[in-house]
């Protein structure tokens, strides 16, 4: 690990891909980064978080500098499982170059962002300002003992930042064509309608929960939640499954359930969305049935970073490298940026991501070197711009 040049993003990324770090097994990835960052003068701290109903997770915090402006970079070394290996052209954890591309699990999501940032940081003078890194191995699964606890720990240690970048693959089709200044929240729920089981020939002796369930589906789906905001589309609810568990046609079932998910904008919080759902259920005639609503899991909050001078500086750096200004986007799912947004402004800026989570995941090598140049150009401008 020690012979890998930290200023070479290609070699660093290859070494990271070779670590089969499927959540939550770090598989040497954090050891590799620890060594690379220590070689660049960073003080590193390894943190194991556990509990709260989830598995233990290894995390890495690194810092270089004690004065000047403070820039946080966050990312994750964990990857999703490769799936059926027969769908891959070669071993997913053996980095492979072909036709100007680098293949391997984690190449796009998001070991490339980490490799590019570390290589860029290697070119920044140690006295330019303060650089912090928060790297977890728990983003692709529970995300309980990772970034959320890592940034809370950092705050407790007195570490703060003026601006943060998450290296997720934010570009849509071309490097730098989009950065994410916010993300929608995610809210999932389970609704159960209790009836009374009975024979279909004697419906008066039973209480079929399915008509009530159907009315609730209509109540949730027919009315728009909102009309969207300046930077977000309208919030959207999708019913994802309706289950009865009734294998026969001559029995009225005792109960039925439905699950749904809402991707919501910055008009809402989990609490106000829960009230909206309860109001929609209350608008339905449930007869003699009983309805129970539960929130599934822990909702992800939406966030929107301010359109600050730092966002303009990043946009200018991207334009200097690629020749185009990025779109300011809030699209996509959730990311660990939602945890960082509680402590300061954060954006996501990384590579093109269409191959992420797929077989033969890959990136263009010129995009990796381009992203390194973007990070380097941004840091040069950021640290030169004076106090926040």
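In my numbering, the protein residues as written are 196 to 583. Just so it is clear, CB atoms sit at the ideal spot from N, CA and C, and this is done for glycine as well. Fair warning: this is a prediction, and the values are worked out from it, not measured in the lab.
For the set 286, 267, 334, 281, the Cα lying nearest the Cα of residue 275 is the one of 334.
Put simply, of 428, 444, 412, 256 the residue whose alpha carbon is nearest the alpha carbon of residue 331 is 256. Separation of residue 236 and residue 491 (C-alpha to C-alpha, rounded to the nearest whole angstrom) is 44 Å.
Looking at the DSSP output, residue 524 sits in a beta bridge with 375. Rounded to whole angstroms, the separation of the alpha carbons of residue 362 and residue 281 is 30 Å. DSSP, reduced to helix, strand and coil, places residue 309 within a helical segment of the structure shown.
The beta carbons of residue 457 and residue 430 sit closer together than 8 Å.
Taking the C-beta atoms as reference points, residue 477 is found no nearer than 8 Å to residue 576.
Measuring C-alpha to C-alpha distances from residue 339 to each of 573, 533, 375 identifies 533 as the nearest.
CA-to-CA, the gap between residue 567 and residue 311 works out to about 4 Å. Membership of residue 513 in the alpha helix (DSSP H) is indicated by the continuous run 504-517. Take residue 364, set aside five residues on each side of it, and the residues of its chain with a beta-carbon closer than 8 Å to its own are 303, 304, 305, 307, 308, 545, 546, 547, 548, 551, in chain order.
In the three-state DSSP reduction, residue 489 falls in the strand class (E or B). With fewer than 16 neighbouring CB atoms inside 10 Å of its own CB, residue 318 falls in the exposed class. In this structure, the beta-carbon distance from residue 261 to residue 325 falls below 8 Å.
Assignment of residue 470 by DSSP, reduced to helix, strand and coil, places it in the helix class.
For residue 244, the three-state secondary structure derived from DSSP is strand. According to DSSP, residue 458 shares a beta bridge with 381, 431. Between residue 290 and residue 212 a beta carbon distance of about 4 Å is seen, short of the 8 Å cut, so the two are scored as contacting. For residue 264, no alpha helix (DSSP H) encloses it, and the DSSP letter there is neither H nor E.
Contact between the stretch 416-433 and the stretch 340-355 is absent: fewer than three C-beta pairs spanning the two stretches fall below 8 Å. Here residue 344 carries a helix assignment [DSSP, helix/strand/coil]. In its chain, beyond the 5 residues on either side, no residue has a beta carbon closer than 6 Å to the beta carbon of residue 527. Between residue 378 and the set 496, 297, 438, 469, the nearest pair of CA atoms involves 496.
Bounds of the alpha helix (DSSP H) holding residue 569 are 560-579. Annotated three-state conformation of residue 200 is coil, per DSSP.
Spatial neighbours of residue 328 in its own chain (CB-CB distance under 6 Å, excluding positions within 5 residues in sequence) are listed in chain order as 257, 268. By the beta-carbon neighbour count (other beta carbons within 10 angstroms, threshold 16), residue 369 is exposed. A straight-line Cα-Cα distance of about 26 Å links residue 400 and residue 488. Shown here, residue 495 sits in a strand according to DSSP, grouped into three states. In the structure shown, residue 407 falls within a helical segment according to DSSP collapsed to helix, strand and coil. Boundaries of the beta strand (DSSP E) harbouring residue 249: 249-259, taken from the DSSP string.
Bridge pairing for residue 296: 293, 559 [DSSP].
Secondary structure at residue 534: helix, using DSSP grouped into helix, strand and coil. The three-state reading of DSSP puts residue 393 in strand, counting E and B together. In this chain, the alpha helix (DSSP H) harbouring residue 232 covers 224-234.
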